Amino acid sequence: MRSIKEVEDLKDNGKTPFDKVKCKEKDQQNAVEDKFKSTDVVPKKNGVDLESVLGELKIFGRYHIKFMFLVGALTFLSMWHSTNYVFAVENVGYRCKYSNCGYTELSQLEQNSSLDYKCHKYRLYDDNSSCTEDNFDVFNATACDEWVYDRPDSFVAEFNLGCEDWKRTLIGTMHSVGYMLGLFLVGPASDKFGRKTVIIFTAVAGAVIGLSKSLVYSYWLYVVLEMFEPLLGDCYSATFTLSIETVTKEHRPFIMFVLNLFSTFGGICVAIIAWLAPNWRIFVIAIYAPGLLFILYIFWMDESLRWLLNKGKIDEVGNVFRQAAKTNNIIIDESKLADLKCNDSNTNISWAASLKMTFSSKKLFLRLLCCICMWFTALFNSYSLLINSVSLKGNKYLNYGLTVLSGIPASLAILYLLTKFRRKNPLIFAFLLTGTFCMAHSIVPTDYAWLSILLYISGTLFSSISMRIVYIYTSELFPTYTRNTMHALCSALGRVAAVIAPQTPLLMQYWPGLPSMIMGILSILTACVVTLLPDTSDEVLPDNVGQAEAVGKKEKEDLCRKMERKSFDFCSKL
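Position 461 of the sequence shown, counted from 1, bears residue number 467 in the numbering used here, the numbering being contiguous throughout.
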């Protein structure tokens, strides 16, 4: 097994004579850097130089505005793909079929009766009599095998899922399983083949598989396609990584705000489309057809500059910068591009070796475990709150829309919080407040519908805040060459919670407040876990393991100085 020093030394291989002459003056500096590879303090060359050039492009220049619309469109439709099953396979009313009773009559009859008209069929005293409770023999019942449905054009009715609620909730579970498995593929593929390549492939593949779901007439084939759609068609993970790598550290909260805004409006549109297209097949076609347009991103979108630089594709980096400068009508500083050419460290390190270096760090491994815990709770809260929103009293489309709409104040809050109060503390308080509101919701009597909905939406608001901070926070804790892999790994393992979440409506038959209580307890425990992580708000994205380990060191040093001023010998214990 190669040591970290030996692997890092591979960066010198493959340089042209011109590059070696040009970088001769920096040989001594590079030797000093190699000496510090295994320590916590690593001179930041790549990140600083890249940040400097990115800063010249300006976040509100034409290039970045175009970029934000491109990644925003991906996020917008990604929300359609990831949540549409809530309406596609939504629960609809059904009753056991009788020759002389329709669905409406049975529903009215059930309101004032203790009999189960859904899954039990009672013998009729008179087949030609009116539909009254006196005509049913309550002591002579059999299991129902044929039903009438409130909406004959629904998924539940077409596949005849009466009294088989587990089959309906299985759709959401398999979607989450596919999402989880897909992240094990998307993360490494994005680090190896590039963010742009993976984004285009997954976006188009998701649209194709999604459209094929509208053509099937077998329940189990639909289940298989539901799993493969996110497995091969999740573009959000790579889109998010590309987004934060294309802006400077000061603007990472803003790009996060833009993605969140597009995601929120995407979720609202899902509810509108479901309301306008009650037929589940038409609804699915409307959701997935626009995704075919992402094939055009081959011509419209640029690759991640940080990824290109890390892979040693210097000419492409220069071309992208020059094209961006031309778009913004500015002149790029060529001397900085030349400096980037001398800083092509890690260009010949294999992905497997990079991953091994990352896992060999005890600090990064501890961060991985903490991040998995954060992802588990954040995803469990997000999916559970979203799925159970259609079970609240009132209009299900309005309830869903209001639940998603809470993402707008959440996005505005995040933009302010991450700019003014860093990353760590806002995340801790977001988890604590999510837990508080969810636990309060669980004990409010169902008769207080307005208070129940208010607490529910408040919990959803802070759940949205925590989920969005977890996304950006995780990406800032790991090095460039394994960033998307580690981000995807945390998300994938955390999505065990998303697999469980679609089953939470079944817990309501034991106690209506049980799902909310579970979310509340998990959130408070996770807030305690976050205290173990460093803050990343003032850090440039790390490019290698040493730089990643050094994240948070400034925070410790600031704490040292504060303690010294108070005559505490704290620094020696860090």
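Cβ atoms here follow ideal geometry from the backbone N, Cα and C, with glycine treated the same way.
These numbers come from a predicted model, not from an experiment.
By the Cβ neighbour-count rule, Thr488 is buried, with 16 or more other Cβ atoms within 10 Å of its own. In this structure, the alpha-carbon of Asn266 lies about 11 Å from that of Leu411. Rounded to whole angstroms, the Cβ separation of Met180 and Val229 is 5 Å, and the two are in contact under 8 Å. DSSP places Ala149 in the uninterrupted beta strand (DSSP E) bounded by 142-149. Counting C-beta atoms within 10 angstroms of its own C-beta, Lys127 has 16 or more neighbours from the protein chains shown and is therefore classed as buried. The beta carbon of His257 is closer than 8 Å to those of Ile65 in its chain, skipping five residues each way along the sequence. Within 10 angstroms of the beta-carbon of Leu423 lie 16 or more other beta-carbons, which makes it buried. Between the region 284-291 and the region 240-248, the count of Cβ pairs shorter than 8 Å is below three; the stretches do not touch. DSSP assignment within the region 149-220 yields the following whole alpha helix (DSSP H) runs of 4 residues or more, N-terminal first: 161-164, 171-199, 201-219. With contacts defined by Cβ atoms closer than 9 Å, Tyr91 and Tyr100 do not form a contacting pair. The Cβ atoms of Lys402 and Val290 do not sit closer than 9 Å to each other.
Under the three-state reduction of DSSP, Arg129 is assigned to strand.
Nearest Cα to Leu83 within the set Val323, Gly297, Thr532: Gly297. Boundaries of the beta strand (DSSP E) around Cys102: 100-102. Each residue's CA atom was taken as its position, placing Thr175 and Ile301 some 32 Å apart. Taking the Cβ atoms as the reference, Val502 lies roughly 7 Å from Phe382, within the contact range of under 8 Å. An exposed status is given to Thr537, since fewer than 16 other beta-carbon atoms sit within 10 Å of its beta-carbon. By the CB criterion at 9 Å, Val144 and Tyr155 fall outside the cutoff. Here the region 426-446 lies against the region 523-543, with 3 or more beta-carbon pairs under 8 Å apart. In this chain, the alpha helix (DSSP H) harbouring Ser458 covers 455-481. Rounded to whole angstroms, the Cβ separation of Ala244 and Arg201 is 5 Å, and the two are in contact under 8 Å. Between Pro521 and Leu467, the gap from beta carbon to beta carbon reaches 9 Å or more.
For Leu238, the enclosing alpha helix (DSSP H) stretches over residues 225-239. Per DSSP, Phe371 is one residue of the alpha helix (DSSP H) stretching across 368-394. Using a 10 angstroms sphere on the CB of Ser136, the tally of other CB atoms stays under 16, which defines it as exposed. In the three-state reduction of the DSSP assignment, Cys107 falls in the strand class. Cβ atoms of Glu251 and Ser310 come within 8 Å of each other, at about 5 Å. Counting only residues of its own chain and dropping the five nearest sequence neighbours on each side, Ser417 has a CB closer than 6 Å to the CB of Phe263, Asn266, Leu267.
A residue is called buried once 16 or more other Cβ atoms fall within 10 Å of its Cβ, and Ile206 is buried on that count. DSSP places Ser88 inside the alpha helix (DSSP H), whose first and last residues are 68-89. For Pro432, the enclosing alpha helix (DSSP H) begins and ends at 430-449. DSSP places Lys426 inside the alpha helix (DSSP H), whose first and last residues are 413-426. By alpha-carbon distance to Phe484, the top candidate from Val476, Leu547, Asp453 is Leu547. In the DSSP assignment, His493 falls within the alpha helix (DSSP H) that extends over 489-500. For the 9 Å CB-CB criterion, Ser182 and Ala507 form a contact. Following the DSSP letters along the chain, one finds Ala330 inside the alpha helix (DSSP H) bounded by residues 320-333.
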